[in-house]
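Before any comments, here is the structure.
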Amino acid sequence: MIEMRDVQKHFGALHVLKDINLSIPAGQVTIVLGPSGSGKSTLCRTINRLEPIDSGTIAVDGTVLPAEGKELAQLRADVGMVFQSFNLFAHKSILDNVTLGPIKVRRMNKAEAEKLGMSLLERVGIASQKDKLPAQLSGGQQQRVAIARALAMRPKVMLFDEPTSALDPEMVNEVLDVMTSLAREGMTMLVVTHEMGFARRAGDRVLFMADGEIVEDAPPEQFFTDPKSARAKDFLSKILTH
Amino acid sequence: MDFSFLTDPRYDFLGAFWMTIQLSFWSALGAFVLGVVLAAMRVSPVPLMRGFGTAYVNIVRNIPLTVIIIVMSQVIAGTLGLRLAVREPGVNPQGFLDSQNFRLAVLGFILYTATFVCEAVRSGINTVPPGQAEAARAIGLRFTQVLGIVILPQAIRAVIAPLGSVLIALIKNTTVASAIGVFEAAALMNLYIENEADKFPATFLAIAVGFVIITLPIGLLFGAWAKKVGVKR
Ligand SMILES: Nc1ncnc2c1ncn2[C@@H]1O[C@H](COP(=O)(O)OP(=O)(O)O)[C@@H](O)[C@H]1O
Ligand SMILES: [Mg+2]
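Residue numbers (our numbering), protein chains in the order written: chain V, 1 to 242; chain G, 1001 to 1233.
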């Protein structure tokens, strides 16, 4: 579903993605772990070209992403993205946040989009808040709306960049629950997260990144119980002790 | 003070202020549209558009308004022959001149005021967190949609109060139109100064109060409006 070949990315002199080769089959839930600054967000963002790459190719469902323009916008619509800071459209109601993409990008009519939007809000448990503005919702609720907004595009892949890192602890589970049920339904997901419980429960595969490289690529149990590299051992010892 | 001139049939006090309001209305409408377009150009990824927007704003806003209005009349209409109204042969040309000068003045005000609208809107764009544009791009919106649906509506809501100041400045700036023969409030004041020199404080007061009556509510209205539509984050 996602094919990355020889992908290189620099920010000025900083080499943030070093020769990334990655193949993610449909339906797989891939957890991305790694210390801060290792390039996890950048990896996510290059997959739908929010960040351009220097060289290499990225294909989603067999189509190589073009550099810019109309076709890229269309392809982006097939890749759902959920951000750490939710990024709901602040001036639009909850329902409008979810129906905007279907109406403007998929050219769905309003009634149909609202039906779809309501069913998704229902699913993430926010239907009763549909007329509120994002600022009136808690962080956990906002993030669930953001997931519904991404799902409304009927994406082939969902990318999550630390979706629970900005949440108060008591709201983390409501978001992880939605993600777990998505994973169960067979959605292809790439999830940057430090939630080990979720990684073990829902993940099929763990990628461990350090300094712009994929250092380990293993099933979750194997990675957590028997990490191979010194950097992974060091990283795990830091996050598992608290 | 003697305010008898207010009801003197030789002077159309309300008519002159009605002209001020018409000049302001059409200029404000045009300046808003052009200003938003210029702001969009200034944040466009196309270097040529960005360059044009930047050059336009920096040149036009630094030219005195009187110069712009006189250039509209003398150069654009006079030398280059731009016609903004229809001149019918055999008919008294005053009607043509009135429409032509009014429209030239409005065009001049639009070209000038748009630079201030642009800068206000651009500062509004800076208040919109980058994540808003990213989320919009991530669902597949094109650049113009990102700007038109997500960024500009939030940017404009953030600068309603400064736009109110731009509008107030515009209303007072319309007095420059008298320089090319548009009979608005300042033209009336000049007439008072000529004919009613002895009533100077009263005529001055009448004109000043006339402007305050128009502009004061605008300031209050825009202030309340800004609070109402401001985007909460
Ligand atoms: N827009 C940018 N400009 C310059 N450097 C950046 C930018 N975004 C990220 N970086 C740098 O790239 C590196 C990788 O960042 P990121 O992908 O955000 O890491 P992670 O998500 O793993 O913490 C970091 O050193 C970060 O400072
Ligand atoms: Mg990150």
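Don't be surprised by glycine CBs; every beta carbon is placed ideally from N, CA and C.
Exercise for review: State the Cα-Cα distance for the pair residue 191 (chain V) and residue 1156 (chain G), rounded to the nearest angstrom.
Suggested key: Counting from 1 along the first sequence, the entry for residue 191 (chain V) is found at position 191. Counting from 1 along the second sequence, the entry for residue 1156 (chain G) is found at position 156. Computed Cα separation, rounded: 35 Å.
Practice item. For ligand 1, enumerate in chain order all residues having a CB closer than 6 Å to any of its heavy atoms. Key: V:11, V:14, V:16, V:34, V:36, V:37, V:38, V:39, V:40, V:41 and V:42
**Study point:** Straight-line gap, residue 1079 (chain G) to residue 50 (chain V) (C-alpha atoms, nearest Å)
**Key:** Working through the second sequence from its first residue, we reach residue 1079 (chain G) at position 79. Working through the first sequence from its first residue, we reach residue 50 (chain V) at position 50. Near 51 Å, if we compare the C-alpha coordinates of residue 50 (chain V) and residue 1079 (chain G).
Check your understanding: Does the Cβ of residue 211 (chain V) lie closer than 7 Å to at least one heavy atom of ligand 2?
Key -> For the purposes of this step, residue 211 (chain V) is taken as the residue at position 211 of the first sequence. No.
Review point. Considering only the beta carbon of each residue, do residue 107 (chain V) and residue 1138 (chain G) sit closer than 8 Å?
Key: Your numbering for residue 107 (chain V) matches position 107 in the first sequence. Your numbering for residue 1138 (chain G) matches position 138 in the second sequence. Taking 8 Å as the Cβ cut-off, residue 107 (chain V) and residue 1138 (chain G) do not qualify as a contacting pair.
Practice item. Following the continuous beta strand (DSSP E) through residue 208 (chain V), name the residue where it begins and the one where it ends. Key: Position 208 of the first sequence, counted from the first residue, corresponds to residue 208 (chain V). 205-210 is the span of the beta strand (DSSP E), which, as asked, contains residue 208 (chain V).
Point to revise | Residue from G:1184, G:1204 and G:1216 with nearest C-alpha to residue 1168 (chain G) | key: Residue mapping note: residue 1168 (chain G) aligns to position 168 of the second sequence, counting from 1. Measuring from the Cα of residue 1168 (chain G), the nearest candidate turns out to be G:1216.
Practice item. Say yes only if the C-beta of residue 162 (chain V) is nearer than 7 Å to one or more non-hydrogen atoms of ligand 2, and no if none qualify. Key: Here residue 162 (chain V) refers to the residue found at position 162 of the first sequence. Residue 162 (chain V) Cβ: within cutoff of ligand 2.
**Study point:** Contacts that residue 101 (chain V) makes with chain G (C-beta to C-beta distance below 8 Å)
**Key:** If you number the first sequence from 1, residue 101 (chain V) lands on position 101. 1139, 1140 and 1141, listed in chain order.
Exercise for review: Using beta-carbon positions only, say whether residue 185 (chain V) and residue 164 (chain V) come within less than 8 Å of one another.
Suggested key: Here residue 185 (chain V) corresponds to residue number 185 of the first sequence, with the count starting at 1. Here residue 164 (chain V) corresponds to residue number 164 of the first sequence, with the count starting at 1. Not in contact: residue 185 (chain V) and residue 164 (chain V) (Cβ atoms no closer than 8 Å).
**Study point:** Three-state secondary structure (DSSP) of residue 1190 (chain G)
**Key:** Taking the second sequence and counting its residues from 1, one reaches residue 1190 (chain G) at position 190. In the structure shown, residue 1190 (chain G) sits in a helix (DSSP, three-state: H, G or I).
Review point. DSSP beta-bridge partners for residue 23 (chain V)?
Key: Within the first sequence, the letter at position 23 stands for residue 23 (chain V). In DSSP, residue 23 (chain V) forms a bridge with V:3.
Check your understanding: Helix, strand or coil for residue 221 (chain V) per DSSP?
Key -> Looking up residue 221 (chain V) in the first sequence gives position 221. In the structure shown, residue 221 (chain V) sits in a helix (DSSP, three-state: H, G or I).
Review point. Thinking C-beta only, is residue 209 (chain V) closer than 8 Å to residue 32 (chain V)?
Key: In the first sequence, the residue the question calls residue 32 (chain V) occupies position 32. In the first sequence, the residue the question calls residue 209 (chain V) occupies position 209. Yes, the Cβ-Cβ distance between residue 32 (chain V) and residue 209 (chain V) is below 8 Å.
Review point. In chain order, what residues of the same chain have a beta carbon less than 6 Å from the beta carbon of residue 213 (chain V), not counting five sequence neighbours either side?
Key: Taking the first residue of the first sequence as 1, we reach residue 213 (chain V) at position 213. Once the five neighbours on either side are set aside, the close Cβ partners of residue 213 (chain V) are 18.
Review point. Out of curiosity, what's the CA-to-CA distance linking residue 28 (chain V) and residue 89 (chain V)?
Key: As a working mapping, residue 28 (chain V) is identified with position 28 in the first sequence. As a working mapping, residue 89 (chain V) is identified with position 89 in the first sequence. When rounded, the distance between both Cα atoms is 29 Å.
Review point. Under the three-state reduction of DSSP, which class applies to residue 59 (chain V): helix, strand or coil?
Key: Within the first sequence, the letter at position 59 stands for residue 59 (chain V). DSSP places residue 59 (chain V) in strand when its eight states are reduced to three.
**Study point:** Cβ-based contacts, 7 Å cut-off: residues of the segment 56-72 of chain V near chain G
**Key:** 70
Point to revise | Among V:24, V:126 and V:38, nearest to residue 10 (chain V) - alpha-carbon criterion | key: Indexing the first sequence from 1 puts residue 10 (chain V) at position 10. Nearest C-alpha to residue 10 (chain V): V:38.
Review point. If we call anything under 8 Å between Cβ atoms a contact, is residue 61 (chain V) one with residue 95 (chain V)?
Key: The sequence position of residue 61 (chain V) within the first sequence is 61, counting from 1. The sequence position of residue 95 (chain V) within the first sequence is 95, counting from 1. Cβ distance not < 8 Å, so residue 61 (chain V) and residue 95 (chain V) don't count as in contact.
Practice item. Kindly say whether residue 175 (chain V), judged by its beta-carbon, lies nearer than 8 Å to any beta-carbon of chain G. Key: As a position in the first sequence, residue 175 (chain V) is number 175, starting the count at 1. The C-beta of residue 175 (chain V) comes no closer than 8 Å to any C-beta of chain G.
Check your understanding: Span of the alpha helix (DSSP H) holding residue 1032 (chain G)?
Key -> Mapped onto the second sequence, residue 1032 (chain G) falls at position 32. Taken as a continuous stretch (DSSP letters only), the alpha helix (DSSP H) holding residue 1032 (chain G) covers 1013-1042.
Practice item. Could you name each continuous beta strand (DSSP E) segment of 3 residues or more that falls completely within the segment 1152-1196 of chain G, going from the start of the chain to the end? Key: none
Review point. Given that residue 16 (chain V) touches chain G, what residues does it touch there, using C-beta distances under 9 Å?
Key: Within the first sequence, the letter at position 16 stands for residue 16 (chain V). None at all; the shortest Cβ gap to chain G is about 17 Å.
Exercise for review: Whole angstroms is fine: what's the gap from residue 1107 (chain G)'s alpha carbon to residue 57 (chain V)'s?
Suggested key: By one-based count along the second sequence, residue 1107 (chain G) stands at place 107. By one-based count along the first sequence, residue 57 (chain V) stands at place 57. Cα-Cα distance, rounded: 51 Å.
Exercise for review: Could you tell me which chain G residues have their CB closer than 9 Å to the CB of residue 83 (chain V), listed as they occur along the chain?
Suggested key: The residue you call residue 83 (chain V) lines up with position 83 of the first sequence. Neighbours of residue 83 (chain V) on chain G, chain order: 1131, 1134, 1135 and 1138.
Check your understanding: Opposite residue 187 (chain V) in the DSSP bridges: which residues?
Key -> Mapped onto the first sequence, residue 187 (chain V) falls at position 187. In the DSSP assignment, no residue is bridged to residue 187 (chain V).
Point to revise | Beta-carbon gap between residue 161 (chain V) and residue 44 (chain V) smaller than 8 Å | key: Mapped onto the first sequence, residue 161 (chain V) falls at position 161. Mapped onto the first sequence, residue 44 (chain V) falls at position 44. Contact flag set, yes.
Practice item. Could you give the DSSP three-state label for residue 11 (chain V): helix, strand or coil? Key: As a working mapping, residue 11 (chain V) is identified with position 11 in the first sequence. Here residue 11 (chain V) sits in strand by DSSP.
Practice item. Answer yes or no: does any C-beta atom of chain V fall closer than 8 Å to that of residue 1157 (chain G)? Key: Counted from its first residue, the second sequence places residue 1157 (chain G) at position 157. Chain V contact via Cβ: present.
Review point. What residue range is occupied by the uninterrupted alpha helix (DSSP H) comprising residue 1003 (chain G)?
Key: Along the second sequence, read from residue 1 onward, the residue named residue 1003 (chain G) stands at position 3. Where residue 1003 (chain G) is concerned, there is no enclosing alpha helix (DSSP H), given that its DSSP letter is neither H nor E.
Check your understanding: If the cut is a Cβ gap below 7 Å, which residues of chain V does residue 1160 (chain G) touch?
Key -> Against the second sequence, residue 1160 (chain G) aligns to sequence position 160. Ordered by position in chain V, no residue passes the 7 Å Cβ test against residue 1160 (chain G), which lies about 13 Å from the chain.
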